[in-house]
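Here is the structure we will look at, set down as structure tokens.
There are 2 protein chains.
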Amino acid sequence: MKLEQIKTPALIVDLDAMEGNLRDMAKFFGGRPCKLRPHFKNHKTPMFAWQQIRAGAIGMTCATVREAEILVEHGISSILIANEIGGQEKPERLAELSRNASVMVCVDNCHSIRDLAAAQRNRQSQIEVLVDINIGLNRCGVAPGQVALDLARYALEHGLAVRGIMGYDGHLQAVPPSSERDEIVRQGSKAIVESAGLLESSGIPAPIRSTGGTGTYAVSGDYPGITEIQAGSYLLMDNIYVSRGAPFQRSLTVLATVISTRGPKHAVLDCGLKAISGERGLPTLRDLPGARLTALHAEHAIVELDGQSPSLTPGGKIEVWVHYNDATVNLHSRMYGVRHGELEEVFPIEH
Amino acid sequence: MKLEQIKTPALIVDLDAMEGNLRDMAKFFGGRPCKLRPHFKNHKTPMFAWQQIRAGAIGMTCATVREAEILVEHGISSILIANEIGGQEKPERLAELSRNASVMVCVDNCHSIRDLAAAQRNRQSQIEVLVDINIGLNRCGVAPGQVALDLARYALEHGLAVRGIMGYDGHLQAVPPSSERDEIVRQGSKAIVESAGLLESSGIPAPIRSTGGTGTYAVSGDYPGITEIQAGSYLLMDNIYVSRGAPFQRSLTVLATVISTRGPKHAVLDCGLKAISGERGLPTLRDLPGARLTALHAEHAIVELDGQSPSLTPGGKIEVWVHYNDATVNLHSRMYGVRHGELEEVFPIEH
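If you read the sequences in order, they're chains P and E. Okay, so the first sequence: first residue is 1 according to the working numbering, each after it adds one. Okay, so the second sequence: first residue is 352 according to the working numbering, each after it adds one.
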């Protein structure tokens with residue numbers, strides 16, 4: 001089947017570009033002590049997770065218990081939930097998962113530790129945790145050093161298995177590389193490695209020190225003592241990470257149909273914000289010089305052309321570059337793998 | 352089951368509020384010649400569509416062929432796709448649907464008319480169309496009057512069944528009612544009714560004249576000659592329509608769990624932009640004075656408290672008012688119907 005025959009709006013992955021990203025990232029980590037545990041939340045595609053593991057990843061990172069369940073259902077048994085969970089239901093599900101897989105979760109407060117401890121007692125399993133430290137994102141995480149050690153002790157006292165330290169530098173993913181920024185990235189890595197060292201000198205093994213994303217992996221992946229990197233967006237890429245200078249190719253587009261035109265300067269596509277995210281900025285048009293996507297409505301994208309652009313005809317097909325892959329993949333249930341304009345494989349996206 | 356026991360993030364509908372909206376809108380249309388054909392895209396919930404029909408709606412409006420297929424699969428047989436479609440695949444699916452149901456679609460160009468004509472020939476069915484006129488939204492639609500008549504003739508010549516005129520005043524939904532705005536709404540209705548009159552005086556029956564939304568139904572619903580209104584958001588409501596003064600109650604929230612806190616002024620919820628839309632503005636917190644939702648990340652909502660607010664504890668539950676119902680419903684596969692804090696019914700959302 002040709003690309004143009006896929007029903008729209010459709011999420012398209014260019015397989016050559018995606019596989020190139022996979023190889024380039026595998027090459028980076030190939031010769032290093034630090035390893036890649038790529039994030040699943042960006043693609044939610046178990047077949048891609050397996051490709052990443054075959055390329056050398058040591059397991060998967062994810063954001064939710066649901067994602068961990070999907071990974072375990074698909075046979076992946078070394079997982080980090082790089083996030084806090086609370087209440088009763090999520091800890092119970094995690095405890096159940098932990099009977100058959102290694103699923104680490106992050107902790108940054110005593111309430112959640114008690115919830116996790118109660119759940120693992122109920123399910124007779126062993127929950128593994130990383131202490132999440134705040135390295136500047138100011139979202140979750142405790143202070144590095146003594147506070148992290150106190151929380152690790154509290155977790156141990158409640159019967160949880162402490163595995164190490166995590167810190168996520170989400171605020172630095174958005175900053176293009178520079179010597180100043182890279183120094184701040186290293187400060188974050190240093191806080192993680194030093195906090196892990198403090199645990200170990202207090203008799204608590206902390207072999208896992210996790211951080212980093214597609215914008216910072218090259219810096220934190222080289223920091224001595226950091227053992228794993230969580231980067232995920234590198235595989236599919238998007239306009240955000242292109243603008244930040246990440247050295248990978250965009251492989252993700254949304255295929256759309258032109259449904260209306262008015263004169264040579266106005267067209268409407270059938271991919272609105274229910275098919276492509278506009279949360280962080282508007283998508284852009286692929287291979288259509290002189291044309292600009294100017295607005296997303298629920299079911300429509302508005303395109304303005306400069307009159308010199310190739311004209312658009314209702315019924316014609318257009319590819320749109322994704323601005324933000326994470327939120328866009330979340331809107332779809334499958335990804336169409338295309339090579340040289342031919343559909344090669346359809347990948348289920350799991351929710 | 353209590354509200355607090357529902358797994359998070361969960362889309363919650365307050366049944367008393369929703370049913371009140373249903374009754375109030377039914378009362379408005381009860382004594383009028385103009386009828387309601389409510390939009391399905393806001394709730395995507397067949398059980399709600401049936402409630403609307405039992406309350407007097409004459410059928411459903413929707414935005415896509417997929418939504419029309421869902422409605423037909425659920426036994427609803429009078430449908431308006433208030434949108435253009437193009438290419439080959441969508442017209443074929445519409446032609447197939449039209450063998451067993453009345454599914455009108457909008458046209459605003461000759462390409463699509465030829466696509467629709469080819470599809471109905473292939474499927475030996477009869478496609479019904481409304482001519483879409485531009486009444487100021489400047490998205491789709493031809494000019495009112497002679498151009499609309501020319502397009503209706505072109506559709507007839509190609510064997511399509513012309514049923515009337517549609518125009519959507521989306522640009523006016525955002526403007527709070529005032530005598531000036533209402534006059535502009537009436538100008539749009541006038542263009543629709545006059546274009547339909549021009550068709551009829553040229554021998555083309557045009558009994559359907561459709562327009563309006565939750566922000567304008569009260570004005571266009573009273574305009575002589577307008578036969579049906581497409582309002583949909585009135586049922587669930589959201590912060591956008593509250594800010595525009597629509598006389599309905601918000602019934603939709605997302606239930607979230609607190610997963611992290613840092614001191615008395617910072618908390619993190621497990622409902623990010625994958626569970627609640629931030630496309631048109633940030634959601635707000637229900638029943639939490641002094642607290643503000645300040646950012647949505649992919650899987651996190653950041654909450655700032657003023658220190659006087661009731662304190663939040665990891666594991667606790669919070670309800671969040673939806674800012675934009677349409678894009679939020681699109682992120683979920685079920686809606687939990689709650690009355691007085693008790694779960695009463697779970698409604699599947701169809702995609």
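For glycine and all other residues, C-beta sits at the position ideal for the given N, C-alpha and C. As the structure is a prediction and not an experimental result, all values here were calculated from the model.
Distance, Cα to Cα, residue i vs residue j?
i, j, result
"A706/E", "Q477/E", "For chain E, the structure presents residues 352 to 702; residue 706/E sits outside this window and is missing."
"H74/P", "W50/P", "9 Å"
"A582/E", "N21/P", "46 Å"
"A174/P", "S243/P", "9 Å"
"C34/P", "H702/E", "42 Å"
"A414/E", "I53/P", "41 Å"
"I165/P", "E84/P", "13 Å"
"E531/E", "Q538/E", "11 Å"
"K274/P", "G688/E", "23 Å"
"G641/E", "P661/E", "8 Å"
"T284/P", "L255/P", "12 Å"
"H266/P", "A452/E", "33 Å"
"L269/P", "L507/E", "26 Å"
"D466/E", "T45/P", "35 Å"
"L502/E", "S584/E", "31 Å"
"R444/E", "V454/E", "11 Å"
"R685/E", "S201/P", "49 Å"
"A68/P", "A82/P", "11 Å"
"Q249/P", "N681/E", "29 Å"
"I555/E", "A542/E", "17 Å"
"Q356/E", "W672/E", "19 Å"
"Y505/E", "R292/P", "31 Å"
"D169/P", "L633/E", "23 Å"
Which term fits residue i, buried or exposed, when burial requires 16 or more other beta carbons within 10 angstroms of its beta carbon?
i, result
"V107/P", "buried"
"K27/P", "exposed"
"P354/P", "The requested residue 354/P does not occur in the structure, where chain P is confined to residues 1 to 351."
"T294/P", "exposed"
"M25/P", "buried"
"E579/E", "buried"
"N489/E", "exposed"
"K317/P", "buried"
"S210/P", "buried"
"K41/P", "buried"
"V654/E", "buried"
"T216/P", "buried"
"S77/P", "exposed"
"R23/P", "exposed"
"T261/P", "buried"
"N122/P", "exposed"
My assumption, with CB atoms under 8 Å, is that residue i sits in contact with residue j. Please give the rounded CB distance.
i, j, result
"F29/P", "G59/P", "The Cβ separation is near 13 Å, so there is no contact."
"A649/E", "A327/P", "7 Å"
"E670/E", "R637/E", "4 Å"
"V482/E", "V493/E", "7 Å"
"I133/P", "G167/P", "5 Å"
"K441/E", "V416/E", "5 Å"
Could you pull the start and end residues of the alpha helix (DSSP H) that residue i belongs to?
i, result
"S179/P", "S179 to S201"
"P397/E", "P397 to R405"
"D466/E", "C461 to R474"
"Y241/P", "N239 to S243"
"M369/E", "L366 to G381"
"V147/P", "Q146 to E157"
"S571/E", "Y568 to S571"
"A95/P", "E89 to L97"
"V329/P", "N325 to V329"
Specify, as a first and last residue, the run of the beta strand (DSSP E) that residue i falls within.
i, result
"I76/P", "No beta strand (DSSP E) holds I76/P; DSSP gives it neither H nor E."
"H522/E", "Where H522/E is concerned, there is no enclosing beta strand (DSSP E), although the alpha helix (DSSP H) it sits in stretches over G521 to Q524."
"A408/E", "Counting along the chain, A408/E falls outside any beta strand (DSSP E), and DSSP gives it neither H nor E."
"K317/P", "K317 to W321"
"F599/E", "From DSSP, F599/E is part of no beta strand (DSSP E); its letter is neither H nor E."
"V338/P", "R334 to R339"
"E701/E", "Careful: E701/E lies outside any beta strand (DSSP E) and carries neither H nor E."
When DSSP builds the beta bridges, which residues end up paired with residue i?
i, result
"C413/E", "I432/E"
"E69/P", "E69/P is not bridged to any residue."
"C457/E", "L481/E"
"L562/E", "Note that residue 562/E corresponds to Thr in the displayed sequence, not to Leu. For T562/E, which the question treats as bridged, DSSP gives the partners I580/E."
"A557/E", "Note: A557/E sits in no beta bridge, so no partner."
"H617/E", "E655/E"
"K36/P", "The displayed chain sequence assigns Leu, not Lys, to residue 36/P. Its beta-bridge partners are I229/P."
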